[in-house]
Amino acid sequence: MFVIRKPENAQEIEQVRDIIRRIFSELHAYYALKGLKNHRLLVAVCDGNVVGFIQFKLVQSGNVRIGHIYYMGVLPEYRGRGIGTELVKCAEKELVSKGADCIIASTQRRNQPVIKIFTKLGYVVTDWDEVTHIIKSMGADVEDPYDLMWLIYDYDEVVLFKLVRKSLTSKKRVTSSGILS
Ligand SMILES: CC(C)(COP(=O)(O)OP(=O)(O)OC[C@H]1O[C@@H](n2cnc3c(N)ncnc32)[C@H](O)[C@@H]1OP(=O)(O)O)[C@@H](O)C(=O)NCCC(=O)NCCS
Numbered sequence: 382m383f384v385i386r387k388p389e390n391a392q393e394i395e396q397v398r399d400i401i402r403r404i405f406s407e408l409h410a411y412y413a414l415k416g417l418k419n420h421r422l423l424v425a426v427c428d429g430n431v432v433g434f435i436q437f438k439l440v441q442s443g444n445v446r447i448g449h450i451y452y453m454g455v456l457p458e459y460r461g462r463g464i465g466t467e468l469v470k471c472a473e474k475e476l477v478s479k480g481a482d483c484i485i486a487s488t489q490r491r492n493q494p495v496i497k498i499f500t501k502l503g504y505v506v507t508d509w510d511e512v513t514h515i516i517k518s519m520g521a522d523v524e525d526p527y528d529l530m531w532l533i534y535d536y537d538e539v540v541l542f543k544l545v546r547k548s549l550t551s552k553k554r555v556t557s558s559g560i561l562s
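Per my numbering: the sequence shown ends with 562, consecutive numbering throughout.
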């Protein structure tokens, strides 16, 4: 059994730092550690220990509120039990409650566990051009993909995207190619 919640003390944040150092390459660990300073953080706790985490934030562009899911990770010995899926669900819930219109994450094409988690939760696999086009049509102040990458400070290979604002999801649909119809 595990619970997902906000970290309750400095020791739990230190446990997140340990997970980051353990599971990421030096480059990604650098960005994930930095991400702890300016993102919301949820942790997965199992038997009193932090075994996973997710970083996310809400950014405003024009009149679009973009939820961005940044780094997430689960200790290898705790993977495959649904913790990663639950971390994304909880981050999404918090972003929606804060008024997100859409949620963006990005990853490498070979990271099948991440792609599987997000597609299972209704995200489409797309690219930076397409997402820029979509959020621009929603009223975001972005001219090209670099504006968006700069805004959320993310640039990985494939983009996972989901509309979450009720008034949008009822009228518009994102197809598997990412097109807003
Ligand atoms: C991505 C990660 C957080 C997932 O955590 P998790 O707790 O194992 O996630 P879940 O148990 O909810 O689900 C993982 C899904 O990926 C699937 N999966 C696992 N390994 C896989 C693989 N090699 N190929 C395809 N799918 C795979 C699982 O079957 C599961 O899907 P299912 O629920 O349909 O069976 C974890 O693998 C991790 O920490 N990876 C290293 C860090 C990382 O890559 N983070 C993301 C980039 S920031």
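No residue lacks a Cβ here, since even glycine has one placed at the ideal position from N, Cα and C. Treat the numbers as computed from the prediction; the structure is a model and nothing was measured.
- About 13 Å separates the beta carbons of Phe437 and Cys483, which is beyond the 8 Å limit, so they are not a contact pair.
- According to the DSSP assignment, Gly454 belongs to the beta strand (DSSP E) that extends over Val445 to Val455.
- Taking C-alpha positions only, Ile485 is separated from Gly448 by approximately 6 Å.
- The closest CA to that of Arg398, considering only Glu538, Leu532 and Leu417, is found on Leu417.
- Between ligand 1 and the CB of Gln396, the shortest heavy atom gap is not smaller than 7 Å.
- CA-CA distance, Gly433 to Tyr504, rounds to 21 Å.
- Between the beta-carbon of Gly461 and that of Phe405 there is about 19 Å, and that puts the pair past the 8 Å contact cut.
- With 16 or more neighbouring CB atoms inside 10 Å of its own CB, Gly465 falls in the buried class.
- If you draw a straight line from the Cα of Phe383 to the Cα of Glu524, it comes to about 42 Å.
- For Gln436, the uninterrupted beta strand (DSSP E) run begins and ends at Asn430 to Ser442, by DSSP.
- Relative to Thr500, the option among Val539, Glu393 and Cys427 whose CA is nearest is Val539.
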